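Working notes for the structure below.
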Amino acid sequence: MKRLEIVQLGLGNVGRAVAQIVLEERKRWREQMGLDIRYRAVSDTSGALVGEELLPQAIRLKERGGRLSELGTEPLEDILLSEPAPGTVRAVVDLAVHGGTYDLDLLGVQNGSYLVLSNKGPLSGTTEQYEKLVHMLPGRLWREATVGAGMPILSTIDALLSSGDEIFEIQASPSGTLGFIMSAVEAGHSFSEAVRKAVELRYAEPDPRDDLSGLDVARKAIILARAIGRRIEPWEVPYQSLVPEGLEDVPLEEFMRRVGEADEAFEERLLSVEPGHMLRYLARIPKEGPVEVGLHDTPVESPFGPISGPENVFEFRTRRYSDVTLTISGPGAGPERTASGVVFDLLDIARKRATDEEI
Numbered sequence: 045m046k047r048l049e050i051v052q053l054g055l056g057n058v059g060r061a062v063a064q065i066v067l068e069e070r071k072r073w074r075e076q077m078g079l080d081i082r083y084r085a086v087s088d089t090s091g092a093l094v095g096e097e098l099l100p101q102a103i104r105l106k107e108r109g110g111r112l113s114e115l116g117t118e119p120l121e122d123i124l125l126s127e128p129a130p131g132t133v134r135a136v137v138d139l140a141v142h143g144g145t146y147d148l149d150l151l152g153v154q155n156g157s158y159l160v161l162s163n164k165g166p167l168s169g170t171t172e173q174y175e176k177l178v179h180m181l182p183g184r185l186w187r188e189a190t191v192g193a194g195m196p197i198l199s200t201i202d203a204l205l206s207s208g209d210e211i212f213e214i215q216a217s218p219s220g221t222l223g224f225i226m227s228a229v230e231a232g233h234s235f236s237e238a239v240r241k242a243v244e245l246r247y248a249e250p251d252p253r254d255d256l257s258g259l260d261v262a263r264k265a266i267i268l269a270r271a272i273g274r275r276i277e278p279w280e281v282p283y284q285s286l287v288p289e290g291l292e293d294v295p296l297e298e299f300m301r302r303v304g305e306a307d308e309a310f311e312e313r314l315l316s317v318e319p320g321h322m323l324r325y326l327a328r329i330p331k332e333g334p335v336e337v338g339l340h341d342t343p344v345e346s347p348f349g350p351i352s353g354p355e356n357v358f359e360f361r362t363r364r365y366s367d368v369t370l371t372i373s374g375p376g377a378g379p380e381r382t383a384s385g386v387v388f389d390l391l392d393i394a395r396k397r398a399t400d401e402e403i
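Heads up: the sequence shown begins at 45 in the numbering used here, then just goes up one per residue.
Pasting the structure below:
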């Protein structure tokens, strides 16, 4: 039996979906795959809930907007510094929505843990931070869910480069939330209607400004740029915000009430789109030169024109794919899809790494 224990940072939409999958499927994993996967702890900003006994209760609590400290928590640092159970490999699973977890990830890594990420923050900070973390993790970093909601984007880049290909440029619509909003506006809905619907369907974060700000796409662009070998700093990637001016810092309830103030300006922007083009929020990552993140008039016949709903599209122009680009597309929003990518990474660790020889 191969044993893996999880220390999970974050119990938001994706974190709860991951926990639900693990709780529901692990009996089958034990019986059919010989994998024993358990939770050592889950955490939010109030601390770490140790063990599994209260995990279902914690999931319900977080769905209501509560904090894990209501159930009794310990400092997460103490858990990360503790030793795994005998015969067990540990994975730190960082699913936090915002940054601020770099030092915690580093602490877990320094103590021998594997690292699974959907949180983009640890890989999109300064070059110094990125290189320090990555150099400590040869063979112990799983990052597929940071870009493309678990679609094989980073693994495709790795495969292209390791096979000797050269990537000249990546263009992407890497936000399922913004893809949904853009296609909804194209279909005749107002900007505010599209935003509210994205929240209702859980394509957007609970605070849609986390998506509308463009920071999420900028972080993905940085990760993609580094994956193709660029040394780039966060401040070298400007990004266009779609958050209406003056609503950046108001309470969430007020933002949702007033987001319609942007409808007229957004409609005017839509009317300015050239004939035969559509408005899309894209990232452009060339091998050399500026990385661009923002709204673009995109030809209808391009891979980004047909985007409908929460779809991600990634277009690769390489030495071998120069006349006809390599395009990967698929659903890119919804916590269950990202959670599936994270769980696949956990199973991959358990199958490939959690062996008696390594222990």
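Glycine is no exception: its CB is placed at the ideal position from the N, C-alpha and C atoms.
Being a predicted model, the structure only gives us computed values, none of them experimental.
Quick one: measure Cβ to Cβ for K164 and T200, integer angstroms, because I've assumed they're closer than 8 Å.
In the sequence shown, the residue the question calls residue 164 occupies position 120. In the sequence shown, the residue the question calls residue 200 occupies position 156. The pair is not a contact, with the Cβ atoms about 18 Å apart (cut-off 8 Å).
Counting along the chain, where does the beta strand (DSSP E) carrying Y325 start and finish?
The residue you call residue 325 lines up with position 281 of the sequence shown. Where Y325 is concerned, the enclosing beta strand (DSSP E) stretches over H321 to P330.
Any chance the CB of Q64 is under 7 Å from a heavy atom of the ligand SAM?
The model on display carries no ligand, and the ligand SAM is accordingly not part of it.
Which class does P295 belong to by DSSP, given the choice of helix, strand or coil?
The count along the sequence shown starts at 1 and reaches residue 295 at position 251. P295: coil per DSSP, three-state reduction.
Compare the beta carbon distance of P379 and V58 with 8 Å and say whether it is the shorter of the two.
One-based indexing of the sequence shown puts residue 379 at position 335. One-based indexing of the sequence shown puts residue 58 at position 14. Contact: yes.
If you draw a straight line from the C-alpha of R395 to the C-alpha of Q64, how long is it?
Against the sequence shown, residue 395 aligns to sequence position 351. Against the sequence shown, residue 64 aligns to sequence position 20. Taking the straight line joining both Cα atoms gives about 20 Å.
Report the rounded CA-to-CA distance for A135 versus V51, giving the unit in angstroms.
Taking the first residue of the sequence shown as position 1, residue 135 is located at position 91. Taking the first residue of the sequence shown as position 1, residue 51 is located at position 7. Roughly 6 Å between the two C-alpha positions.
Hey, quick one: how far does the alpha helix (DSSP H) through S199 stretch, first residue to last?
As a first step, residue 199 is located in the sequence shown; it is residue number 155 there, counting from the start. It spans L198 to S206 - the alpha helix (DSSP H) in which S199 sits, taken as one unbroken run.
Could you check how far apart the C-beta atoms of F348 and V337 are, in whole angstroms? I think they sit under 8 Å.
Against the sequence shown, residue 348 aligns to sequence position 304. Against the sequence shown, residue 337 aligns to sequence position 293. With 8 Å as the limit, F348 and V337 do not qualify as a contact, their Cβ atoms being about 14 Å apart.
Going by beta carbon distance, what residues of the same chain come within less than 7 Å of Y146, once the five residues before and after it are set aside?
Along the sequence shown, read from residue 1 onward, the residue named residue 146 stands at position 102. The residues are G165, P166, G169 and Q173.
What separation, rounded to the nearest whole angstrom, lies between the Cα atoms of Q215 and P130?
Indexing the sequence shown from 1 puts residue 215 at position 171. Indexing the sequence shown from 1 puts residue 130 at position 86. Their backbone Cα atoms lie some 46 Å apart in a straight line.
Using DSSP's beta-bridge definition, name the partner residues of P375.
In the sequence shown, the residue the question calls residue 375 occupies position 331. In the DSSP output, where bridge partners are listed per residue, P375 has E355.
Using a Cβ cut-off of 8 Å (strictly closer), state whether K71 contacts chain C.
As a matter of chain content, chain C is missing from the structure shown, which is built from one protein chain.
Within 10 angstroms of the Cβ of Q252, are there 16 or more other Cβ atoms? Answer buried if so, exposed if not.
As a first step, residue 252 is located in the sequence shown; it is residue number 208 there, counting from the start. Residue identity differs from the one stated: residue 252 is Pro in this sequence, not Gln. With 16 or more Cβ atoms within 10 Å of its Cβ, P252 is classed as buried.
Please tell me whether V335 and R324 are closer than 8 Å, where the distance is taken between their beta carbons.
For the purposes of this step, residue 335 is identified with residue 291 of the sequence shown, where counting begins at 1. For the purposes of this step, residue 324 is identified with residue 280 of the sequence shown, where counting begins at 1. No, these two residues do not count as a Cβ contact at 8 Å.
Among V386, R363 and S373, which has the Cα closest to the Cα of S207?
Indexing the sequence shown from 1 puts residue 207 at position 163. Nearest of V386, R363 and S373 to S207, Cα basis: R363.
Between E230, L198, L125 and E297, which has its C-alpha nearest V344's C-alpha?
Residue 344 sits at position 300 when you count from the first residue of the sequence shown. Looking at the Cα atoms, E230 is the closest of the given residues.
Using the beta-carbon count (16 or more within 10 Å), is V368 buried or exposed?
If you number the sequence shown from 1, residue 368 lands on position 324. Exposed.
Check whether the region 70-78 touches the region 96-112, taking contact to mean three or more Cβ pairs, one atom from each stretch, closer than 8 Å.
no
Just mark R60 as buried or exposed, buried being the case when its beta carbon has 16 or more other beta carbons within 10 Å.
Start at 1 with the first residue of the sequence shown, and residue 60 comes out as number 16. R60 should be labelled buried.
Is the beta carbon of S157 closer than 8 Å to that of L139?
Your numbering for residue 139 matches position 95 in the sequence shown. Your numbering for residue 157 matches position 113 in the sequence shown. Going by C-beta atoms, L139 is not nearer than 8 Å to S157.
May I ask you to report which of helix, strand or coil DSSP gives Y174?
Within the sequence shown, numbered from 1, the residue matching residue 174 stands at position 130. Helix, per DSSP.
Does the region 81-95 come into contact with the region 117-130, if we say contact requires no fewer than three beta-carbon pairs (one atom in each stretch) closer than 8 Å?
yes
Going straight from the alpha carbon of F360 to that of D209, what length do you get?
Residue mapping note: residue 360 aligns to position 316 of the sequence shown, counting from 1. Residue mapping note: residue 209 aligns to position 165 of the sequence shown, counting from 1. Going from the Cα of F360 to the Cα of D209 covers about 11 Å.
In chain order, what residues of the same chain have a beta carbon less than 8 Å from the beta carbon of D392, not counting five sequence neighbours either side?
Sequence index remark: in the sequence shown, residue 392 carries index 348 (1-based). Leaving aside the five residues that flank D392 on each side, the residues in its chain whose CB is nearer than 8 Å to its CB run, in chain order, W186.
If you compare alpha carbons, which of L67, E175, E121 and Q284 is closest to P100?
Taking the first residue of the sequence shown as 1, we reach residue 100 at position 56. Among L67, E175, E121 and Q284, the Cα nearest to that of P100 is on L67.
With DSSP as the reference, identify every bridge partner of G91, one or two as the case may be.
If you number the sequence shown from 1, residue 91 lands on position 47. D88.
For Q154 and M180, what's the separation of their Cα atoms in angstroms?
Start at 1 with the first residue of the sequence shown, and residue 154 comes out as number 110. Start at 1 with the first residue of the sequence shown, and residue 180 comes out as number 136. Their Cα atoms are separated by approximately 8 Å.
Report the three-state DSSP secondary structure of Q64 (helix, strand or coil).
Indexing the sequence shown from 1 puts residue 64 at position 20. In this structure, Q64 counts as helix in the three-state DSSP scheme.
Beta strand (DSSP E) containing E135: first to last residue?
Here residue 135 refers to the residue found at position 91 when the sequence shown is read from its first residue. The question names Glu, yet the displayed sequence has Ala at residue 135. Segment V133 to D138, the beta strand (DSSP E) holding A135.
Report the partner residues of K46 according to the DSSP bridge assignment.
The residue given as residue 46 occupies position 2 in the sequence shown. Looking at the DSSP assignment, K46 forms a beta bridge with L79.
Can you check which of these residues, R82, F388, V294 and A193, is closest to E355 by C-alpha distance?
Taking the first residue of the sequence shown as position 1, residue 355 is located at position 311. If we check each option's Cα against that of E355, A193 comes out closest.
With C-beta atoms as the reference, is E49 less than 8 Å away from R72?
As a first step, residue 49 must be located in the sequence shown, where it is residue number 5. As a first step, residue 72 must be located in the sequence shown, where it is residue number 28. No, they are not a contact pair.
For the beta strand (DSSP E) containing V337, list its first residue and its last residue.
Numbered from its first residue, the sequence shown carries residue 337 at position 293. E336 to P343 is the extent of the beta strand (DSSP E) around V337.
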